[in-house]
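Student: First residue of the sequence shown? That's 0 in numbering that gives the first Met the number 0, and the numbers climb one at a time after it. Think of the CB as a built atom: it goes at the ideal place given N, C-alpha and C, for glycine as much as any other residue. Predicted model only: the values in this text are computed from it and were never measured. To start, I am sharing the structure in question, which I have written as structure tokens.
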Amino acid sequence: MQANIAIGLLETTSIARGIETLDAMCKAAGVKPETAAAISKGKYIIIISGPVGEVESAMAKGVETAGDTAAAAHVIRNIHSGVLSALNRKIKAGRIEAVGIVETRDALPAVFAADAAAKAAFVQMSEVNTGKGIGGKGYFIVTGDVGAVRTAVSAGVKAIGEGAVVARIVIPNAHEHVVEAIG
Numbered sequence: 000m001q002a003n004i005a006i007g008l009l010e011t012t013s014i015a016r017g018i019e020t021l022d023a024m025c026k027a028a029g030v031k032p033e034t035a036a037a038i039s040k041g042k043y044i045i046i047i048s049g050p051v052g053e054v055e056s057a058m059a060k061g062v063e064t065a066g067d068t069a070a071a072a073h074v075i076r077n078i079h080s081g082v083l084s085a086l087n088r089k090i091k092a093g094r095i096e097a098v099g100i101v102e103t104r105d106a107l108p109a110v111f112a113a114d115a116a117a118k119a120a121f122v123q124m125s126e127v128n129t130g131k132g133i134g135g136k137g138y139f140i141v142t143g144d145v146g147a148v149r150t151a152v153s154a155g156v157k158a159i160g161e162g163a164v165v166a167r168i169v170i171p172n173a174h175e176h177v178v179e180a181i182g
């Protein structure tokens, strides 16, 4: 875990306003855009990282700029470094004993769930997808020992609630083709 590193998550219902909001956020504070993209249903998501105070300042400016198009805005303080590394990228896993997947109804809850999962058990975060190209849903994939993967998946689901989850799967002894597909 990286102490004092936070991420800010902002979703707008307007793509144009989302881009304007990203500009305002980056000008307001020393933050790094991790993700800024149009997703399904005409929404725009912004995920920024940086020191907690900078992220909080940027998020305040973002919410102000987005106005009534702001659909969701959250800050996660002390984000797990594995989540930040796997955000909208695939991380090649080493030896895999089990694979865990949590699929969420909306994009941003996947990040909260992934952070809780990574903090709950010794697992490797393979991917955190925040809605691009998948109908506005989100998901994360973890790998590791069967028990650790089960613990991580349960913690991720608990963090966001069953109502936000489409599916939660643990695959012990994943076939080598599955391992290739996820990493």
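Are the segment 112-119 and the segment 41-50 touching by the rule of at least three beta carbon pairs closer than 8 angstroms?
Tutor: The segment 112-119 is not in contact with the segment 41-50.
Student: Between S56 and the rest of its own chain, which residues show a CB-CB distance below 7 angstroms, the 5 nearest in sequence each way excluded?
Tutor: Position 57 of the sequence shown, counted from the first residue, corresponds to residue 56. If we look at S56 and ignore the five residues flanking it on each side, its Cβ neighbours are A27 and A28.
Student: Suppose contacts are defined by Cβ-Cβ distances below 8 angstroms. Is V98 in contact with V177 by that definition?
Tutor: Within the sequence shown, residue 98 is the residue found at index 99, counting from 1. Within the sequence shown, residue 177 is the residue found at index 178, counting from 1. Yes; because the gap between Cβ atoms is below 8 angstroms, this pair is in contact.
Student: Report the three-state DSSP secondary structure of E96 (helix, strand or coil).
Tutor: Locating residue 96 in the sequence shown gives position 97, counting from the first residue. Here E96 sits in coil by DSSP.
Student: Please tell me whether L107 and E10 are closer than 8 angstroms, where the distance is taken between their beta carbons.
Tutor: As a working mapping, residue 107 is identified with position 108 in the sequence shown. As a working mapping, residue 10 is identified with position 11 in the sequence shown. The answer is yes: Cβ separation under 8 angstroms.
Student: By how many angstroms is the C-alpha of H174 removed from the C-alpha of K60?
Tutor: The count along the sequence shown starts at 1 and reaches residue 60 at position 61. The count along the sequence shown starts at 1 and reaches residue 174 at position 175. Rounded to whole angstroms, K60 to H174 spans 47 angstroms at the Cα level.
Student: Within the same chain, show all residues whose beta-carbon is closer than 6 angstroms to that of I168, passing over the 5 residues directly before and after it, in chain order.
Tutor: Here the question's residue 168 lines up with position 169 in the sequence shown. The residues are I100.
Student: Do T12 and T64 count as a contact pair if the criterion is CB distance below 8 angstroms?
Tutor: As a first step, residue 64 must be located in the sequence shown, where it is residue number 65. As a first step, residue 12 must be located in the sequence shown, where it is residue number 13. Their beta carbons are not under 8 angstroms apart, which means T64 does not touch T12 by this criterion.
Student: Expressed to the nearest angstrom, what Euclidean distance is found between the alpha-carbon atoms of I95 and D144?
Tutor: Stepping through the sequence shown from its first residue, residue 95 is reached at position 96. Stepping through the sequence shown from its first residue, residue 144 is reached at position 145. The straight-line gap from Cα to Cα measures roughly 7 angstroms.
Student: Between the beta-carbon of A72 and the beta-carbon of V82, is there less than 8 angstroms?
Tutor: For the purposes of this step, residue 72 is taken as the residue at position 73 of the sequence shown. For the purposes of this step, residue 82 is taken as the residue at position 83 of the sequence shown. No, Cβ-Cβ distance for A72 and V82 is not below 8 angstroms.
Student: Exposed or buried, which one is E179 when buried takes at least 16 other CB atoms within 10 Å?
Tutor: Numbered from 1 along the sequence shown, position 180 holds the residue referred to as residue 179. That one is exposed.
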